[in-house]
Amino acid sequence: MAGFPLNHVIEAQQFDRALLAEVFSTADQMRADLNAAQRVYADALRGRIMASLFYEPSTRTRFSFESAMARLGGRILTTENAKEFSSAAKGESLTDSTRIMNGYADIIVMRHHEAGSAQAAAAVSEVPIINAGDGAGQHPTQALLDLYTIRDTLGGIDNVRIAMVGDLKYGRTVRSLAYLLAKYDKVTIHFIAPAVCAMMEDIKDYLDRHHTEWHEEGDLTKVLPEVDCVYMTRIQRERFIVPEEYDEAVGKYILTREKANRMPKDAIIMHPLPRVDEIPPEVDDDPRAHYFQQAKNGLFIRMALLYLLLST
Amino acid sequence: MAGFPLNHVIEAQQFDRALLAEVFSTADQMRADLNAAQRVYADALRGRIMASLFYEPSTRTRFSFESAMARLGGRILTTENAKEFSSAAKGESLTDSTRIMNGYADIIVMRHHEAGSAQAAAAVSEVPIINAGDGAGQHPTQALLDLYTIRDTLGGIDNVRIAMVGDLKYGRTVRSLAYLLAKYDKVTIHFIAPAVCAMMEDIKDYLDRHHTEWHEEGDLTKVLPEVDCVYMTRIQRERFIVPEEYDEAVGKYILTREKANRMPKDAIIMHPLPRVDEIPPEVDDDPRAHYFQQAKNGLFIRMALLYLLLST
Amino acid sequence: MAGFPLNHVIEAQQFDRALLAEVFSTADQMRADLNAAQRVYADALRGRIMASLFYEPSTRTRFSFESAMARLGGRILTTENAKEFSSAAKGESLTDSTRIMNGYADIIVMRHHEAGSAQAAAAVSEVPIINAGDGAGQHPTQALLDLYTIRDTLGGIDNVRIAMVGDLKYGRTVRSLAYLLAKYDKVTIHFIAPAVCAMMEDIKDYLDRHHTEWHEEGDLTKVLPEVDCVYMTRIQRERFIVPEEYDEAVGKYILTREKANRMPKDAIIMHPLPRVDEIPPEVDDDPRAHYFQQAKNGLFIRMALLYLLLST
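Chains as they are written, first to last, in this note's numbering: chain U, 21 to 332; chain V, 21 to 332; chain P, 21 to 332.
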């Protein structure tokens, strides 16, 4: 292998189409390997140590990375609440903490409550940093697994028509996904959100510059028959000043079974999870429901990244 | 091996005598293996992942399971406070969390604060769930290790005479143990508890239906010479409305060295631990004291269950 | 190997010069092994289990031990907040907890908030206990790695001239280091601290009895050209009753780049970390700055101790 060009994974912008293709094909390999009678990668990272440095708890993301490392034969050091439990509480800088962790681990997966933290850590780190979410900032592995799920279930990304639904203003997953989709040809995006959660101008401008078609639409029902993918997100109550507006918004953007049935037969429903009410459990049996597989795809993507960063 | 008949371990009721015998003989093998110069099972679960999903912290139970998994060569994902740290805090359902964990682990050990949780998780889980305690509900591996300890030290379970002492009303260990003992022949149980902590009618009825002899007794001292096993439990202050009653109850049910000496020479003292005052440290040296060995037996039982659920 | 003479590592006083030399040369081997193309010790502790029992969180110390265990091929059970999460919260004694952990782990690394805890645990433990800090008590592995850093960078410990700066009264690292330095020949120690944080009489008396030269000095700048090592520590605001005194003290004991330049070219700057303001980041590039290497040396020392305690 020619060597993976990235030292760290900090933001979705680091990935161009060629690199995405490499990550996705490696993820395919990892998935096949996990199902193989005789695994090839079971000890690929034997003797290597990953530190999960979570300044903000997120059991799911942490377990996804740790499972990926374990499936590759590596070891794990873990903290689920470093903000409270580590020297950060004594006023230590993140760069000092990173330098010290460099002595103990071969790769650091970092979740932090402040945007820009992963980049700041990477600037001083001698070992790879993977950003597992930094506050309002980026969560690039989520964006990668979302795109991987689309490619995997729809057979490709060019020509995809997608509806993004819910909290598009603060939702970092939909922002990153829109960013990555613009790298592909003839993608159409429908933004469907309450006014207070509308997609921000920066992304719309970006899509315009990349000639990616987008529409803004208030009516979910109307768009459903025309898309290959509905990407649902959770609307958080605290975004709304007037409680009645929240209740109205939430009701409008629930994807019931009846609404799901308006989608094309081979379309897919995605959600970064956790969900609350926006997809009722009755939809889980629908063959279009792909959100649990989407979560599982995170394992393959993270195995691929750990492998590419540590082995090449 | 013909294959272990259980997919999940949720409650003591799943085990009949034949199945108990299989678990116990596997536990014997595990114990022998740990003492062997050349271990046979050291890599039995190599490449398998166990997730410790503890919604309620319990370092001891968690370490016991994790040690069991490590002794079999498996890997561990762990969270000690999922209630606070996981998506449960964002309103995610337990079944969603379980489905997602299915993507990351080959077996899930779950501790939860609500009775029925383990069953609810098992209903949707594609991988085995082991209930490590669900609130006022069950804690089946504790019941198994208790019974294993009796079998191991007294040479069998038929004909055993046992005194259960302390909080019999809320103590889930004594309830489960009474349940399992009824599967054996000519067992005699003495319930010794303050009135507010008396064994509940459902268990007494159950014992009657299974022709298991039981007695209710206020006086610990009187029963001691007549039993093969005293199973002590902690009485919690908060059960008592009148503080004076608590003080009186606690004093009456302390197993001092002097009282222990009234027991037959080859009888055993058990306790699920942690203890507070009900067994003073002076008793620890008594050859009848088996509570630390009992705790250690949990390792063998959990190794056996992990092995049987994942290898057969 | 003749066998390591210690069963537990509880306090710096257990180590004489011969034993220190053995630990340090084992640490050298571990360091060389980690850099070797083909590692010899990668599976040295395969099949062994270390329990991190931290009653007080300390991510750094915990990760350092856990990385050491992982680098030797061993397994880890971990809790970062046992005080809150374990049976200690239910009133269980530390000795009971220790006895139970004996069933699950081959070695216990314990951090506790009360001085004397590690000794109390060791008194009942059948497996080695390593004290990873017990309140105002000891933190012997920190003292060992400090001394190892001096030996490693200055080529030996005899004849070393060292300035200890900052909180010498409550700082357990400087106290332990002073203790160990007295075992070597012709060491000179300069204590440089605000009056409220001055080194206590017990250590001064001890140094006198061992004929170790020491001086008390208010002026950091004056001492700098005459020492081989400056050991900085953090001054905690809460030690000062009068806030103005804190501000004055802190300002006086900051090692700026300008001050560092007054040190001999081959002198070294140490700090147990975390630091706050006492060493500004501008000093990090100075070749004399050794505090990050010092932290990393903790890995080699802990690998050495785990190996010596478990393999010999």
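We put the CB at the ideal spot given by N, CA and C, even for glycine.
Hey, is Ala88(V)'s beta-carbon within less than 7 Å of any beta-carbon in chain U?
-> Chain U contact via Cβ: absent.
Can the beta-carbon of Asp334(U) be found less than 7 Å from the beta-carbon of Thr253(U)?
-> Because residue 334(U) is not part of the residues shown, which for chain U are 21 to 332, the question remains open.
Chain-ordered residues of the segment 132-147 of chain U with a beta carbon less than 8 Å from chain P = Going along the segment 132-147 of chain U in chain order, one finds no residue with a Cβ nearer than 8 Å to chain P.
DSSP beta-bridge partners of Asp248(V) = Answer is none; Asp248(V) lacks a bridge partner.
Would you give the residue range spanned by the alpha helix (DSSP H) that Val243(U) belongs to?
-> Start and end: 240-243.
Segments assigned beta strand (DSSP E), at least 3 residues, entirely inside the segment 138-170 of chain U = Unbroken beta strand (DSSP E) stretches of 3 residues or longer found wholly inside the segment 138-170 of chain U: 149-154, given in chain order.
C-alpha gap between Thr161(P) and Arg322(P), whole angstroms | When rounded, the distance between both Cα atoms is 7 Å.
Are the C-beta of Thr99(U) and some C-beta of chain P separated by less than 7 Å?
-> Closer than 7 Å to some Cβ of chain P, the Cβ of Thr99(U) qualifies, so yes.
So, are the CB atoms of Tyr199(U) and Ala47(U) less than 7 Å apart?
-> At a Cβ-Cβ threshold of 7 Å, Tyr199(U) and Ala47(U) do not count as neighbours.
Looking only at C-alpha atoms, which of Leu326(U), Ala315(U), Leu328(U), Thr332(U) sits nearest to Asp116(V)?
-> From the listed residues Leu326(U), Ala315(U), Leu328(U), Thr332(U), the smallest Cα separation to Asp116(V) is found for Ala315(U).
Met220(U), buried or exposed, once every other Cβ within 10 Å from all chains shown has been counted against 16 = That one is exposed.
Skipping 5 residues on each side, what residues in its chain have a beta carbon closer than 6 Å to that of Arg95(U)?
-> Non-local C-beta neighbours of Arg95(U) in its own chain, meaning closer than 6 Å and more than five positions away in sequence, comprise Ile69, ordered along the chain.
Just the C-alpha distance for Arg80(P) and His159(P), rounded to the nearest angstrom, thanks.
-> Answer to the nearest angstrom: the Cα atoms are 13 Å apart.
Return no unless some Cβ of chain P is closer than 7 Å to the Cβ of Lys110(U).
-> Taking a beta-carbon distance threshold of 7 Å, Lys110(U) counts as an interface residue toward chain P.
Which listed residue (Ile288(U), Asp36(U), Phe44(U)) has its alpha carbon closest to that of Leu182(U) | Going by the sequence as given, residue 182(U) is Ile instead of Leu. Looking at the Cα atoms, Ile288(U) is the closest of the given residues.
Look up Val184(V) in the DSSP assignment and give the residues it is bridged to.
-> Per the sequence shown, residue 184(V) should be read as Met rather than Val. Residue pairing for Met184(V): DSSP places it in a beta bridge opposite Phe211(V), Tyr251(V).
Near Lys206(V), what residues of its chain come up, given a Cβ to Cβ distance below 7 Å and the 5 sequence neighbours on each side ignored?
-> Contacts found: Asp178, Asn179.
Do Leu165(V) and Asn317(V) have their CB atoms nearer than 7 Å?
-> Contact flag set, yes.
Assign Ser45(U) to buried or exposed, taking buried as 16 or more other Cβ atoms, counted over all protein chains shown, within 10 Å of its Cβ.
-> It is exposed - the Cβ of Ser45(U) has fewer than 16 other Cβ atoms within 10 Å.
Does DSSP put Ala280(U) in a helix, a strand or coil?
-> Ala280(U) falls in the helix class under three-state DSSP.
What does Lys103(U) touch in chain V if you count any residue whose Cβ is under 9 Å from its own?
-> Correct list: empty, because the minimum Cβ distance to chain V is about 11 Å.
Run of the beta strand (DSSP E) containing Glu233(P), from where it starts to where it stops = Segment 233-236, the beta strand (DSSP E) holding Glu233(P).
Buried versus exposed call for Met21(P) [16 or more other C-beta atoms within 10 Å across all chains shown] = Interpretation of Met21(P) is limited by its pLDDT of 47, a score under 50 that renders its predicted location unreliable; no figure is taken from the coordinates.
State yes or no: is the beta carbon of Arg119(V) nearer than 7 Å to at least one beta carbon in chain U?
-> Output row for Arg119(V): interface = yes.
By the criterion of Cβ-Cβ separation under 7 Å, what are the contact partners of Tyr124(P) in chain V?
-> By Cβ distance, chain V contributes Phe83, Ser84, Ser87, Leu319.
Who are the neighbours of Ala71(U) on chain P, taking C-beta pairs under 7 Å?
-> Within 7 Å Cβ-Cβ: Phe83.
Presumed contact (8 Å Cβ cut-off) between Lys285(P) and Thr241(P), rounded CB distance = Not really, about 17 Å apart at Cβ, beyond 8 Å.
Minimum C-alpha distance to Ile212(P) - residue among Arg229(P), Tyr226(P), Ala202(P), Cys249(P) = Among Arg229(P), Tyr226(P), Ala202(P), Cys249(P), the Cα nearest to that of Ile212(P) is on Cys249(P).
Please work out which residues of its chain come closer than 6 Å, Cβ to Cβ, to Glu100(P), disregarding the five sequence neighbours upstream and downstream, and give them in chain order.
-> For Glu100(P), where only same-chain residues beyond five positions count, the Cβ hits under 6 Å are Phe74, Pro77.
Chain-order list of residues whose beta-carbon lies under 6 Å from that of Arg192(V) (same chain, five-residue window excluded) = Excluding residues within five positions, the ones whose Cβ falls inside 6 Å are His159.
Select from the segment 231-246 of chain V all residues with a C-beta closer than 8 Å to any C-beta belonging to chain U, and list them in chain order.
-> Under the 8 Å Cβ criterion, the segment 231-246 of chain V contributes no residue.
Please check if any C-beta of chain P sits within less than 7 Å of the C-beta of Gly93(U).
-> Output row for Gly93(U): interface = no.
Is the beta carbon of Asp63(U) sitting closer than 7 Å to the one on Gly93(U)?
-> With contacts defined by Cβ atoms closer than 7 Å, Asp63(U) and Gly93(U) form a contacting pair.
Taking only beta-carbon atoms, is Thr79(V) less than 7 Å away from chain P?
-> Chain P, which has a Cβ nearer than 7 Å to the Cβ of Thr79(V), makes this yes.
Boundaries (first-last residue) of the alpha helix (DSSP H) holding Ala64(U) = Element bounds for Ala64(U): n/a, residue is neither H nor E.
Cα-Cα separation between Met121(V) and Asn281(U), rounded to whole angstroms = Looking at the two C-alpha atoms, the distance is approximately 28 Å.
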